[in-house]
Structures are given as structure tokens and as C-alpha cells.
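One structure is given here, and the rest of the page talks about it.
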DNA sequence: TATTGTTATACTCTATAACTATA
DNA sequence: TATAGTTATAGAGTATAACAATA
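Protein chains in written order, with the numbering used here: chain A, 1 to 149; chain B, 150 to 298.
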């Protein structure tokens, strides 16, 4: 039992550290965590506003506003859908892509540095065990491992 | 190299899951993540607004507003400082304590369930390796392992 | 003068409800 | 009618700057 509490505690601490790191990097690049998440979601997709809302777990009105502010900064564009004239496709601009890639690179370097004290075998062990946890958890639901933090 | 990227990825995924879990539990109890963090910080302290701002990593004006809203819901109280009449001590109310403990209990049960697929030895391994990472990271700075997510 | 906390202001982020334009 | 998206509104959360009270 004690080991379970230790594990919960360690996971909680690590999670704060990791999320805090991402938030700090995003902020250094002048955008918020949710804007970073928006850009990250758009790296390999051009979803409609509704799809985006589902992916981000937000209301469609919140998503619309999020896209407004990102568009105002020229980070994303709204493209008219060809098949449904009510619909819109949200797409990353070149500027948005450059930005999200810079943030991601900085963030990943930070986490790599945090992981660095472990030797390669230990890192592989952590990765394997955490992955098993994640897979088990995702399988217990509808499987939805988000792409970006 | 590949193992390092895997580790970064696994840590990122786990962190989103853990923070998302906390946020969902907080929201089920009717408060935000930052309000939960405020209450958590006050569990074993009665800091001044300035100290609280440092602990939460916020500006003192943001902190003042945060405390305003928590006080309006009777979750915290402002006590006049005895030694410095400019100062205020922020203190958890009984109601606030009950609330943060309920959220924490739910949250810890969630994480325990997520960790459950690993056997006790594997859990102990994860806890030990993550703890080493955390200690190494904290030692590299001014040591500041936050108490609550 | 310097510090503690609050307030005024301006923005982002969020949800609910009402709207429009398509379907 | 139903769906896709926007807008109006209201509130939390955040920072900067200016302020009052106290040190």
C-alpha cells in the first residue's frame, strides 16, 4: 500500500513539473497553454470547429473564440468547407507551425534534461511502465491518447 | 536516443492525464484547478498574500483576487497579522478544508486506479525512478517540491 | 522611502443561451 | 427540423500600474 501512495505522489509531482514546464515555454513564446494545445492539435489535421471542440474538450463557442484570437495573430486560418457551406476547416498557418514547433522543441529539451539523471536502461523502464499504464487506461475507455500535452 | 524520446512522450502523456484528472475532480466539486491549488497550499500554512503569491507563482494582485473569490465562497478567511498591520494571513476555513480533502481523496483514488495495472514491484520501481528525477531536478535549483498539484 | 495589500483596467478563457445560415 | 458556427453575456483568472496604509 505504501508503494502505491508513493507512486501516486511521484506521478502528481512529475505531472505538475511537466505541465508547468510546458506552460512556461509557451509563455516565453508569447502564447497560452490552450493556444499551444490548439496549434498542436492542428499539426496533423484541419478539423472543423466542432471537431476541434471535441478534440480540445471545449464548448464550440469557446473554441470559436480561441480560433478568433489565434487567427487575429495569424497563427491559424479558417477555410470554407467544400462540401458543407455551414462548415469551416481550421488550418495552421506557416507562422503557427513554426511557433508550435519551436515551443515543442524547447519543451522536449526541458523534459529530456529532467530525465537525464536516469541511465538509458532506467529511462527505458520508466517509458515501458508508464506506457503500459497509459494503454491500460485508454483501453478501459474509448482510446484517446491525445497527441499534444 | 530513441528511449529518451519515448520517455519524454510517456511523461508528457501521463502528465496530461494526471492534471486532467485533477481538473475534472475539482470541477465536479465546483471549483477550478487554481482554487484547488490555493486550498491545497493552505492545508499546512497560513501565509500572507505575498507568500501565497510566491507559492502559487502568481502576481500579488492575482492572488488577492483569488483569495477574494475563495473568501466569498467561505473557503478561506483573511486574518489580520499581529505583528505587521499592513499584512494579512490567509487561512483555510473548515469548509475549505473539507472540500480540498474530498477533492484530494477522489483524485488520489483516480491515480491509484491508473497505477493499478502495474504490480507492486513495478509501482515501486516507477516511484523510485521518478523520485530520483524529481530530487535531481530540485537539487539543480532551489529545492521547491510543491505539496499539491 | 520601501513594503503590503488592494483597486482599476484590460485581456484571455470559459460556458450558456440565443441567433444565422445552411442542411 | 436539425446542425454548424457565431455572437451576446457573464464570470473567473491573469498581469500591469497606480494607490492607501503602514513600516
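Yeah, the Cβ is synthetic: ideal placement off N, Cα and C, and Gly gets one too. Please read all numbers here as calculations on a predicted model, not as lab measurements.
Continuous alpha helix (DSSP H) stretch holding residue 240 of chain B: start and end: Careful: residue 240 of chain B lies outside any alpha helix (DSSP H), inside the beta strand (DSSP E) at 237-241.
Completely contained alpha helix (DSSP H) runs for the segment 84-128 of chain A, where each covers 4 or more residues: 94-115
Option nearest residue 180 of chain B by Cα separation, candidates B:203, B:220, B:153 and B:161: B:220
Residue 264 of chain B: contacting residues in chain A (beta-carbon distance under 8 Å): Result: 4, 7, 8, 11 and 133.
Validate contact between the segment 158-172 of chain B and the segment 12-28 of chain A using beta carbons, cut 8 Å, 3 pairs: Result yes; three or more Cβ-Cβ pairs closer than 8 Å.
Terminal residues of the alpha helix (DSSP H) in which residue 56 of chain A lies: According to the DSSP assignment, residue 56 of chain A belongs to the alpha helix (DSSP H) that extends over 49-56.
Residue 17 of chain A, DSSP secondary structure in three states: Of the three classes helix, strand and coil, the one that applies to residue 17 of chain A here is helix, per DSSP.
8 Å contact criterion, which residue 129 of chain A and residue 274 of chain B should meet: CB distance rounded: Between residue 129 of chain A and residue 274 of chain B, the beta carbon gap of about 7 Å places them in contact (Cβ cut-off 8 Å).
Own chain partners of residue 11 of chain A with C-beta closer than 7 Å, once the 5 adjacent residues on each side are dropped: none
Other residues of its chain near residue 213 of chain B: CB distance less than 8 Å, five sequence neighbours each side excluded: 198
Residue 77 of chain A: first and last residue of the uninterrupted beta strand (DSSP E) it sits in: 76-80
Proximity below 9 Å, CB of residue 191 of chain B to CB of residue 182 of chain B: no
Pair within 9 Å by beta-carbon distance, residue 156 of chain B and residue 56 of chain A: no
Neighbouring residues, chain B, relative to residue 83 of chain A (Cβ below 8 Å): Within 8 Å Cβ-Cβ: nothing; residue 83 of chain A doesn't reach chain B, min ~33 Å.
Cβ neighbour criterion (16 or more within 10 Å) applied to residue 137 of chain A: buried
Proximity test, Cβ basis, 9 Å: residue 63 of chain A and chain B: When Cβ-Cβ separations below 9 Å define contact, residue 63 of chain A makes no contact with chain B.
Closest residue to residue 222 of chain B among B:185, B:253, B:255 and B:230 (Cα-Cα distance): B:185
Residue-chain proximity (residue 130 of chain A, chain B), Cβ-Cβ < 9 Å: yes
Where residue 209 of chain B sits in the DSSP three-state scheme: helix
Rounded C-alpha distance that separates residue 257 of chain B from residue 4 of chain A: 10 Å
Cutoff 9 Å: residue 34 of chain A Cβ touching any chain B Cβ: no
Neighbour flag for residue 22 of chain A against chain B, beta carbons, 9 Å: yes
Buried/exposed call for residue 149 of chain A, threshold 16 Cβ in 10 Å: Per-residue confidence for residue 149 of chain A stands at a pLDDT of 43, beneath the threshold of 50, marking its modelled position as unreliable; the derived number appears in the next sentence. The Cβ neighbour count for residue 149 of chain A, taken over all protein chains shown within 10 Å, is at least 16; the residue is labelled buried.
Buried or exposed (CB count within 10 angstroms, at least 16 for buried), residue 288 of chain B: In this structure residue 288 of chain B is exposed. Its beta-carbon is surrounded by fewer than 16 other beta-carbon atoms within 10 angstroms.
Proximity test, Cβ basis, 9 Å: residue 29 of chain A and chain B: no
Amino acids of chain A, ordered along the chain, whose beta-carbon sits closer than 9 Å to that of residue 196 of chain B: Neighbours of residue 196 of chain B on chain A: none; closest Cβ ~19 Å, over 9 Å.
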